[in-house]
Each structure stands twice: as C-alpha cells, then as structure tokens.
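Here is the structure we will look at.
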Amino acid sequence: MRGDGLGSVASGFSRAGSIADRSARTGRSGLIEWVNTTLELRLSSLDQLQSGAVYCQLLDAYHPGVISMSKVNFGAQFEHEFTPNYKQLQQGLASAHIDK
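Sequential numbering of the sequence shown, starting at 1, is according to full-length UniProt numbering.
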C-alpha cells in the first residue's frame, strides 16, 4: 500500500476501468457505482454530486495535489456554498492542464 493514503484508490483505478465500461450501459447506477468504487464512497444518488466536492475528490485522485482539498466544503448544501468548490475544481483542472 502506498504511504500517501491513496494505495487503495490507486489500485481501484484498474477495477474502475471495467466499471466505467459497464456504466456506459447502465447509466446513473453505473456512474454511482464507479464513483463509489473509485473513491471508496457510499453515494446513493447523483444529487450527492451537486456540491462539486466529489468532482474535486476525483480530480485529486487522478492528479494528486492540483486541488487544495482543505478548501473544499464537503458539507455544502446550498448553491452559494457550491461555488467555491467549483472554483477549486476549475483551478485544479487548469493546474492539471485539462482544457476540455
């Protein structure tokens, strides 16, 4: 296991690939399954993605360090609380040189 705490997440990427293939066929439930497997979460609905925190986690898992995870509001419940999370996501995407 890696010392950075991402060992299980990193090893999950190979499993996540096959799940991503299935998610193309199973829609919402497949996407939720892929996110749960990749990040070791227990999401039950796509509504739980709306705050942007999970997107930040996904980007940080694939590109460690591009997002300041301490600035991500995991308890965000209202739209005005989501905005800083999406700003963190935008900055992380720019730092990772991901344009589209």
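Each residue gets a CB set at the ideal place from its N, CA and C atoms; glycine is no exception. Only a predicted model underlies this, so the values are computations on that prediction, with no experimental measurement involved.
Q) How is the alpha helix (DSSP H) around residue 84 delimited, first residue to last? A) 79 to 95
Q: Grab me the residues of residue 42's own chain with a C-beta within less than 7 Å of its C-beta, minus the 5 sequence neighbours each way, in chain order.
A: Excluding residues up to 5 positions away in sequence, 36 lie with their Cβ nearer than 7 Å to the Cβ of residue 42 in the same chain.
Q | Euclidean distance between Cα positions of residue 75 and residue 48 | A | A straight-line Cα-Cα distance of about 11 Å links residue 75 and residue 48.
Q. How many Å lie between residue 80 and residue 87 at the Cα?
A. Looking at the backbone, the Cα of residue 80 and that of residue 87 are separated by about 12 Å.
**Q.** Cα-Cα separation, residue 69 to residue 45
**A.** 22 Å
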